[in-house]
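Under my numbering, residue 329 is the last one in the sequence shown; the count climbs by one each step, no gaps.
Glycine included, every Cβ here is placed at the ideal spot set by N, Cα and C.
See below for the structure under consideration.
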Amino acid sequence: MSSEEEGQDMELSDTSKSSENVRKVAVAAILAALSLAATPIASVLPRIPGWDIALIDPVSFFWIIAFLIGGLWIGLASAAVGTLGLFFFDPSVVGPIFKFEATLVMILIPWVIVKYFSGDKGGSYLQSFKKYGVAMVLASLTRLPLMVATNLIVVPLLYPDVFTAEQIISLAIWINSFQCIADTIIPWLVVHASPVFERFGMW
């Protein structure tokens with residue numbers, strides 16, 4: 127191959143990488159915007175009286191969908207933008223932070239598993255619901271004690287003498303368990319039980 131041909135190949139490679147980066151930024155922006163558009167849902171969600179914690183919060187579906195389509199950084203970008211949006215609609219002071227913390231685990235652990243166990247498959251590794259399910263079970267088992275501990279620390283500070291420690295533990299486990307199931311199944315159905323990843327997958 128001549129030096130001129132090598133130069134052309136390098137130029138094409140650089141152009142391809144640049145196009146891919148632009149595409150990633152565009153997809154991240156779109157998914158972040160969808161996440162932001164969904165945040166008003168927080169204002170009408172059913173909540174536990176005296177605590178303001180939502181029984182079910184579908185905003186995180188968009189964050190995990192973004193991760194399944196685009197990988198770690200696109201998932202985190204969507205979650206960060208969505209969390210900022212939640213502050214305008216969530217009636218609690220710390221609800222958006224709790225939501226980000228809980229969902230972060232559901233993104234990071236599957237990403238680590240893909241990174242170290244998928245070879246070069248990337249996001250397509252999670253197309254297998256069995257492999258995806260194992261990753262999300264591990265994420266859920268991490269999320270539950272983390273959120274119980276967070277609630278035990280923060281809730282008595284915000285709502286003193288309203289809930290006992292036993293009530294906080296019970297409610298945190300029950301709500302997070304339900305949300306773990308929803309956060310696992312619905313995003314996978316949207317991305318991998320449909321042609322979405324095949325057409326738009328980026329990692």
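Taking all protein chains shown into account, do 16 or more other C-beta atoms lie within 10 angstroms of the C-beta of residue 305, making it buried, or fewer, making it exposed? buried
Can you tell me whether residue 288 is buried or exposed? The criterion is at least 16 other CB atoms within 10 Å of its CB, across all chains shown. When all chains shown are included, residue 288 counts as exposed.
What residues are listed by DSSP as bridge partners for residue 180? Within the DSSP secondary-structure output, residue 180 pairs in a beta bridge with 173.
Round the Cβ separation of residue 298 and residue 274 to the nearest angstrom and send it over; I've been treating them as touching at under 8 Å. Residue 274 and residue 298 do touch by the CB rule: their CB atoms are close to 5 Å apart, below 8 Å.
Collapsed DSSP secondary structure at residue 258 in the structure displayed: helix
Taking 8 Å as the threshold, find out whether the stretch 177 to 187 comes into contact with the stretch 207 to 223 through three or more Cβ pairs. yes
Closest to residue 311 by C-alpha separation, out of 252, 170 and 144, would be which residue? 252
Residue 156 to residue 284 span [Cα, whole Å]: 35 Å
In whole angstroms, give me the CA-to-CA distance for residue 303 and residue 240. 23 Å
In or out: residue 325 buried (at least 16 other Cβ within 10 Å) or exposed? exposed
Grab me the residues of residue 161's own chain with a C-beta within less than 8 Å of its C-beta, minus the 5 sequence neighbours each way, in chain order. In the same chain as residue 161, and ignoring 5 residues on each side of it, the C-beta atoms closer than 8 Å to its own belong to 185, 188, 189, 192, 204, 205, 207, 208 and 211, in chain order.
Along the alpha helix (DSSP H) that carries residue 226, what are the first and last residues, could you check? 221 to 243
Proximal residues to residue 168 (C-beta, below 6 Å), its chain only, five neighbours per side dropped: 212, 215 and 216
Please state whether the Cβ-Cβ distance between residue 317 and residue 195 is less than 7 Å. yes
Alpha carbons only, please: which of 313, 315, 314 and 282 is nearest the one belonging to residue 177? 282
In its own chain, which residues sit with a C-beta less than 8 Å from the C-beta of residue 236, not counting the 5 before and 5 after it? 193, 252, 258, 261, 262 and 265
Contact under 7 Å by Cβ, residue 201 with residue 233: yes
At which residues does the alpha helix (DSSP H) containing residue 192 begin and terminate? 185 to 196
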